[in-house]
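The numbers in numbering that gives the first Met the number 0 rise by one with no breaks, and the one at position 144 of the sequence shown is 143. Ideal Cβ placement from N, Cα and C applies to all residues, glycine included. As the structure is a computational prediction, the values presented were derived from the model and not from experiment.
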Amino acid sequence: MTNFIYIQYLILFLNTVNSLNCNLPSFENLNVQSDFDLKQFLGIWYEIKWLPSEPHNESDIWRDYYQSFQLEDSSSHTLQVPGKARLLNQEKCFSFGPWTIIANNSAKMIVQKKSLNTQTFLNWPYYILQTDYKNYALIYACTSENYTLSNPCLHPAVWVFSRTTTLSTVYMTEVDDYMTNILCINLTELEITPHDGEACYSLSNICDKNLVLLIFLFLTSIIKKEREFI
Numbered sequence: 000m001t002n003f004i005y006i007q008y009l010i011l012f013l014n015t016v017n018s019l020n021c022n023l024p025s026f027e028n029l030n031v032q033s034d035f036d037l038k039q040f041l042g043i044w045y046e047i048k049w050l051p052s053e054p055h056n057e058s059d060i061w062r063d064y065y066q067s068f069q070l071e072d073s074s075s076h077t078l079q080v081p082g083k084a085r086l087l088n089q090e091k092c093f094s095f096g097p098w099t100i101i102a103n104n105s106a107k108m109i110v111q112k113k114s115l116n117t118q119t120f121l122n123w124p125y126y127i128l129q130t131d132y133k134n135y136a137l138i139y140a141c142t143s144e145n146y147t148l149s150n151p152c153l154h155p156a157v158w159v160f161s162r163t164t165t166l167s168t169v170y171m172t173e174v175d176d177y178m179t180n181i182l183c184i185n186l187t188e189l190e191i192t193p194h195d196g197e198a199c200y201s202l203s204n205i206c207d208k209n210l211v212l213l214i215f216l217f218l219t220s221i222i223k224k225e226r227e228f229i
């Protein structure tokens, strides 16, 4: 057990050293997931860990966090991404978003807004760097104002997602190596998202929303056909 702990600290130390010797990349020089398939990417993703812009007290950390990536409609390349989470010692989950994400350029997306009720357009680059669709996804964004893709991002945001509330060591190691060696991220700055309470994800809620969308599309197609016959 002592040797195992020693090895863990050694790996953490080496990752920290590597991140210090790394050249921060610009977005235009990043490789995103090749042959990206948006339809396979849709659905529920649980946040495993993330890079915050500032330190958090434990009471402020969002727990049991997930987001649901959904097409706005069947012919759109705009995503509506609602989510839920809870705070420490709170029984009920709260909803946030939905984020509006433009997904018309493969894995290179843009976060347009983080709420439908806001008039503020963010236009953050939001890149799916790695995913196998079934297990994990690594997402990299830039929250710097007036950011240009040719420059390194001074205020990056990173999310490690999983299709479940945990992520196996095999995938985590791969993602950690990428963040350290390519994104120049010190892994000690990442925060783990706790999944220690009752899940905020409700299958029935998602199904209800999808059912409403399907009914809407069905009725729209019927009306369109009726007009063609008139």
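Going by Cα to Cα distance, which pick from I181, A156, D176, D195 is closest to T163? As a working mapping, residue 163 is identified with position 164 in the sequence shown. Residue D195 is the option with its Cα nearest to T163.
Heavy atom of the ligand MN within 7 Å of H76 beta-carbon: This structure simply doesn't include the ligand MN, nor any ligand for that matter.
Cα-Cα separation, V159 to E144: In the sequence shown, the residue the question calls residue 159 occupies position 160. In the sequence shown, the residue the question calls residue 144 occupies position 145. V159 and E144 have their C-alpha atoms roughly 23 Å apart.
Around the C-beta of W118, are 16 or more other C-beta atoms found within 10 angstroms, so that it is buried, or is it exposed? Taking the first residue of the sequence shown as position 1, residue 118 is located at position 119. Strictly speaking, residue 118 in this sequence is Gln, with Trp absent from that position. So Q118 counts as exposed.
What does the Cβ neighbour count give for V169, buried or exposed, with the cut at 16 atoms within 10 Å? Stepping through the sequence shown from its first residue, residue 169 is reached at position 170. Looking at its Cβ environment, which holds fewer than 16 other Cβ atoms inside 10 Å, V169 is exposed.
Report the rounded CA-to-CA distance for Y139 versus D175, giving the unit in angstroms. Along the sequence shown, read from residue 1 onward, the residue named residue 139 stands at position 140. Along the sequence shown, read from residue 1 onward, the residue named residue 175 stands at position 176. Their backbone Cα atoms lie some 13 Å apart in a straight line.
Of all the options D131, P51, A198, L182, which has the alpha carbon lying nearest to the alpha carbon of D34? Along the sequence shown, one-based indexing puts residue 34 at 35. Of the residues D131, P51, A198, L182, the one whose Cα lies closest to the Cα of D34 is D131.
Leaving out five residues on either side along the sequence, give the residues of the same chain with a beta carbon under 6 Å from the beta carbon of P97. In the sequence shown, residue 97 corresponds to position 98, counting from 1. Closer than 6 Å at Cβ, skipping near neighbours: Q79, V80, P81.
Residue interval of the alpha helix (DSSP H) (run including V157): Along the sequence shown, read from residue 1 onward, the residue named residue 157 stands at position 158. Here V157 belongs to no alpha helix (DSSP H); instead the beta strand (DSSP E) covers 155–161.
Mind the definition here: the segment 21–40 touches the segment 97–116 only if three or more C-beta pairs lie below 8 Å; say whether that holds. yes
Alpha-carbon spacing of A136 relative to P193, whole angstroms: The residue you call residue 136 lines up with position 137 of the sequence shown. The residue you call residue 193 lines up with position 194 of the sequence shown. Their Cα atoms are separated by approximately 18 Å.
Using the three-state DSSP reduction, which class does Q32 fall into: helix, strand or coil? For the purposes of this step, residue 32 is identified with residue 33 of the sequence shown, where counting begins at 1. Here DSSP, grouped into helix, strand and coil, assigns Q32 to coil.
Given a cut-off of 8 Å on the beta-carbon distance, is the pair T115 and L70 in contact? Against the sequence shown, residue 115 aligns to sequence position 116. Against the sequence shown, residue 70 aligns to sequence position 71. Rather than Thr, the amino acid found at residue 115 in this sequence is Leu. Not closer than 8 Å, so no.
Between which two residues does the alpha helix (DSSP H) holding T168 run? Translated into positions along the sequence shown, residue 168 becomes position 169. Where T168 is concerned, the enclosing alpha helix (DSSP H) stretches over 168–180.
Kindly indicate which three-state DSSP category L121 falls into: helix, strand or coil? The residue you call residue 121 lines up with position 122 of the sequence shown. In the structure shown, L121 sits in coil (DSSP, three-state: anything other than H, G, I, E or B).
Take L121 as the anchor and find which of V110, T179, N22 has the nearest alpha-carbon. Taking the first residue of the sequence shown as 1, we reach residue 121 at position 122. The candidate whose alpha carbon is nearest that of L121 is V110.
Is the beta carbon of R85 sitting closer than 8 Å to the one on F95? By 1-based counting over the sequence shown, the position of residue 85 is 86. By 1-based counting over the sequence shown, the position of residue 95 is 96. Contact flag unset, no.
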